[in-house]
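Using our numbering, read the sequence shown as starting at 740 and increasing by one per residue.
Backbone N, C-alpha and C fix where the C-beta goes; we use that ideal spot for every residue, glycine too.
The model shown is predicted, which means the values in this text are computed figures rather than measured ones.
Shown next, in structure tokens, is the structure this report addresses.
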Amino acid sequence: DFSDNAPPPRREHAAVYDAARQSVFIFGGIDSGDGANAGLPLGDTWEWDGSDWNERMPVTSPPARSGHNLAFDPGLGQVLLFGGAGRADTWTWDGTDWTELSPANNPGERSGHSMVHDPIRGRIVLFGGFNSVGAALNDTWEWNGSNWVQVATVGPSVRGQVSLVFEGTNNSSLL
């Protein structure tokens with residue numbers, strides 16, 4: 740514990756480095772403490788500034804969730820949130836507030852998917868996860884700053900709860 744003001748214990752949350760604000764940012768998850776809220780989804784927003792955790796209190800916030808993912812979009816200077824258990828919504832965080840977006844297309848309900856920013860193409864890449872009935876997926880989508888575009892219906896074998904990273908030497912996203 741690096742701070743007296745730390746987020747409560749959680750699992751199945753999402754975290755990302757927000758380069759615009761030079762901080763680590765987390766949202767949601769499932770309360771894994773032993774109190775009255777243990778096992779319930781969380782909808783809280785926290786930021787680590789390098790020396791302390793700070794709970795952010797935005798006016799607008801996504802509903803509580805788990806199994807979602809976050810990626811930082813440097814072109815927009817915002818964090819992008821997609822999905823989570825039973826969800827197919829897209830949100831952005833600008834450092835002060837959340838905004839729900841209404842893209843024409845989206846990857847559909849999913850949890851346990853991976854997302855990463857591809858700086859070569861200026862896109863957020865989303866891969867796999869589990870659909871609303873728990874089936875593993877292997878489709879690939881990209882966020883172009885205003886809409887989700889499906890770029891592959893078949894990819895690596897189906898999988899979820901894996902990490903996706905951008906590898907700069909070969910300019911490619913890797914699982």
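Across the structure, residue 776 and residue 836 are spaced so that their CA atoms are roughly 25 angstroms apart. Ranked by Cα distance from residue 814, the options 856, 794, 798 are led by 856. Taking C-beta atoms as the reference points, residue 849 and residue 822 count as a pair closer than 7 angstroms. A contact between stretches requires three or more CB pairs, one per stretch, nearer than 8 angstroms, and the region 785-796 fails this requirement with the region 853-871.
Between residue 783 and residue 863, the C-beta gap is not smaller than 7 angstroms, which leaves the two residues out of contact. Pairing residue 760 with residue 754, the inter-Cα distance amounts to about 14 angstroms. Contact annotation: residue 768 and residue 751 have beta-carbon atoms nearer than 7 angstroms.
Within the same chain, Cβ atoms closer than 8 angstroms to the Cβ of residue 799 are found at 836, 837, 838, 839, the five residues on either side in sequence being excluded. 778 is the residue among 778, 762, 756, 809 whose C-alpha sits nearest the C-alpha of residue 747. Taking 7 angstroms as the cut-off, the Cβ atoms of residue 807 and residue 820 count as close. Rounded to the nearest angstrom, the Cβ distance from residue 880 to residue 890 is 7 angstroms, consistent with a contact under 8 angstroms.
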